[in-house]
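Chemist: First to last, the protein sequences are chains B and X. Read left to right, the first sequence gives residues 1 to 133 (the UniProt record's numbering). Read left to right, the second sequence gives residues 1 to 198 (the UniProt record's numbering). For each residue, glycine too, the CB sits at the ideal point set by N, CA and C. Could you have a look at this structure, given as structure tokens, before my questions?
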Amino acid sequence: MIHAALSSSGAQVILAASSDENYPPENIIDGNTESFWISTGMFPQEFIVRFSEAVKMSLITIHSYNVKNLRIEKNTSSDATDFELITQKEFEHTDGHLQENDFQLSATTATHLRFIITSGYDHFVSVHSVTVQ
Amino acid sequence: MVKLRAKCILVGDASVGKSALSQMFRSDGAHFQKNYSMTAGVELVVKSVSIPDSGDSVELFIFDSAGKDTFLDACEKLWGQPSVLCVVFDWGQPSVLCVVFDVSSEVSFRSCALWLDRVRAHCQGLQLPGVLVGNKSDLSSRREVEMAMAQEWAQSQGLEYHETSAKEMENCEAPFLSLAQAFYTLYQDRIQTIQTLA
Ligand SMILES: Nc1nc2c(ncn2[C@@H]2O[C@H](COP(=O)(O)OP(=O)(O)OP(=O)(O)O)[C@@H](O)[C@H]2O)c(=O)[nH]1
Ligand SMILES: [Mg+2]
């Protein structure tokens, strides 16, 4: 499945709490749900997406596996500080296929999005894509 | 090259040698505490284990827990979900489990079932690699728990059995190495599964 890749618009993943070089966090925003980032043990886990400029969004879509609780925070500053919570959710467990979750937002502007996975259905969780609209 | 991180819960009755084992492991056998000093709450021991022939490693965050009942509540908070007690210990669910008894104390062996239940109650269906450790194997004349019996029970619970003597520096690393390896294997299994999904 191909989504508009955040990376092609200049977005970057600037921090991930854990990483396996074979499954780097860049895979989250390459527009391809086949490639993924996987956590390497223990919770919480987090990653931060930085946009090249302030972006307006009303929908965030996440493809993942075995994620249980996720919080999304944002900021509008040029560095990755002073985040505020915008939404959180407990995902349903899926077996044999990816989790797909939408977060409807009342029009929000952000320069960074911070994703914090506070628990999982397994020791290891994967995130395959994050897209915003 | 990947470095995994595992939260290792170390439990068992008071004075079976949990702290002795984790300290021997941490110090590569350089430090055996002869005088008993009771653990109150949880002591954290962190050590990295290399996985042979891979370049990968597993960093074990060992939660050396108090055996005495008085501290049980405090310990359980730290094993379970992200805790409010202390930020340093805020790491969510257990990854692997090490249950210890003293081979010269049948009572401590009988307690293992209870310790296992207590920790598993925090795992919400999570697969938890575990080992059973019979420590103080040097006390052979006072042995109350036969190896075969311990082995059989361990197997029935899906645990790997190890005998150690922290005092004689016998085999102290083995339980931790096997937990690290089991966690690593689990990681590789999960990657395989996930690759088939997308
Ligand atoms: N003979 C012998 N004594 C041991 C061995 N391991 C530990 N001990 C002794 O047993 C006593 C208790 O050891 P600890 O490691 O403090 O026991 P613990 O399980 O951490 O106890 P709590 O913290 O109260 O739960 C100490 O006096 C140790 O020196 C061993 O392998 N052989
Ligand atoms: Mg102790």
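On the premise that Y65/B lies in contact with L98/B, defined as a C-beta separation below 8 Å, what is that separation, rounded to the nearest angstrom?
Modeler: Contact holds; Cβ gap of about 6 Å.
Chemist: What residues from chain X crowd round T40/B, counting only those whose CB sits closer than 8 Å?
Modeler: The answer, in chain order, is V2, K3, L4, R5, Y187.
Chemist: When you compare the CB positions of T164/X and P175/X, do they come within less than 9 Å of one another, or not?
Modeler: Yes, Cβ-Cβ distance for T164/X and P175/X is below 9 Å.
Chemist: List the whole-angstrom C-beta distance separating V133/X from V11/X, where the pair is believed to meet the contact cut-off of C-beta under 8 Å.
Modeler: So it is not a contact: roughly 10 Å between Cβ atoms.
Chemist: State the start and end residues of the unbroken alpha helix (DSSP H) segment that holds I194/X.
Modeler: Counting along the chain, the alpha helix (DSSP H) containing I194/X begins and ends at 174-197.
Chemist: Can you give the Cα-Cα distance for L21/X and C172/X, rounded to whole angstroms?
Modeler: Those two C-alpha atoms are separated by around 6 Å.
Chemist: For a contact meaning CB atoms closer than 9 Å, what does residue 248/X contact in chain B?
Modeler: Nothing about residue 248/X can be read from this structure; chain X reaches only from 1 to 198.
Chemist: When you compare only the Cα positions, how much space is there between I116/B and A74/X?
Modeler: The alpha-carbon atoms of I116/B and A74/X are separated by roughly 26 Å.
Chemist: Counting along the chain, where does the beta strand (DSSP E) carrying S58/B start and finish?
Modeler: That run of the beta strand (DSSP E) goes 45-65.
Chemist: Sorted by chain position, which residues of the same chain lie with C-beta nearer than 7 Å to D102/B's C-beta, five sequence neighbours on each side aside?
Modeler: Only L59, T61 meet the Cβ criterion.
Chemist: For D122/B, list the residues DSSP reports as bridge partners.
Modeler: DSSP lists no partner for D122/B.
Chemist: Using CA coordinates, which residue listed in S77/B, L105/B, I38/B is at the minimum distance from Q88/B?
Modeler: Checking every option, the nearest Cα to that of Q88/B belongs to L105/B.
Chemist: Is the beta carbon of A154/X closer than 9 Å to that of G67/X?
Modeler: No, the pair does not count as a contact, with Cβ atoms beyond the cut-off.
Chemist: Report the residue from V2/X, S57/X, S19/X whose alpha carbon sits nearest the alpha carbon of L177/X.
Modeler: Ranking V2/X, S57/X, S19/X by Cα distance to L177/X puts S57/X first.
Chemist: Is the separation between the beta-carbon of L114/X and that of V131/X shorter than 9 Å?
Modeler: No, they are not a contact pair.
Chemist: What in chain X is Cβ-close to F36/B, meaning under 8 Å?
Modeler: I194, A198, listed in chain order.
Chemist: Excluding sequence positions up to five away, which residues of its chain have a Cβ less than 6 Å from the Cβ of V46/X?
Modeler: Only F61 meet the Cβ criterion.
Chemist: If T108/B and K68/B are in contact, beta carbons under 8 Å, what's the gap, nearest whole angstrom?
Modeler: 24 Å between Cβ atoms; not a contact.
Chemist: What separation, rounded to the nearest whole angstrom, lies between the Cα atoms of A150/X and Q127/X?
Modeler: One C-alpha to the other measures close to 22 Å.
Chemist: Compute the beta-carbon to beta-carbon distance between V49/B and I29/B, rounded to the nearest angstrom, for a pair I have assumed lies under 8 Å.
Modeler: With 8 Å as the limit, V49/B and I29/B qualify as a contact, their Cβ atoms being about 6 Å apart.
Chemist: Using only the alpha-carbon positions, how far apart do P44/B and V42/X sit?
Modeler: Straight-line Cα distance between these residues: approximately 20 Å.
Chemist: How long is the line joining the alpha carbons of K3/X and P25/B, rounded to whole angstroms?
Modeler: So the alpha carbons of these two residues sit roughly 15 Å apart.
Chemist: Is S119/B buried or exposed, if buried means 16 or more other CB atoms sit within 10 Å of its CB?
Modeler: When all chains shown are included, S119/B counts as buried.
Chemist: Judging by CA-CA distance, which residue of L15/B, S35/B, S18/B is the nearest neighbour of I194/X?
Modeler: Comparing Cα positions, the closest option is S35/B.
Chemist: Could you check how far apart the C-beta atoms of D102/X and G17/X are, in whole angstroms? I think they sit under 8 Å.
Modeler: Confirmed, Cβ separation roughly 6 Å.
Chemist: Identify the contact partners of D20/B in chain X, using a Cβ-Cβ distance below 7 Å as the criterion.
Modeler: Within 7 Å Cβ-Cβ: V2.
Chemist: Taking only heavy atoms of ligand 2 into account, decide whether any of them is closer than 8 Å to the Cβ of T39/X.
Modeler: Under cutoff, so the answer is yes.
Chemist: Considering Cα atoms alone, identify which of E92/B, I72/B, S77/B is closest to L85/B.
Modeler: That would be I72/B, whose Cα lies nearest to the Cα of L85/B.
Chemist: Counting only C-beta atoms, is V131/X closer than 9 Å to chain B at any point?
Modeler: For V131/X, the answer is no, since every Cβ of chain B falls outside 9 Å of its Cβ.
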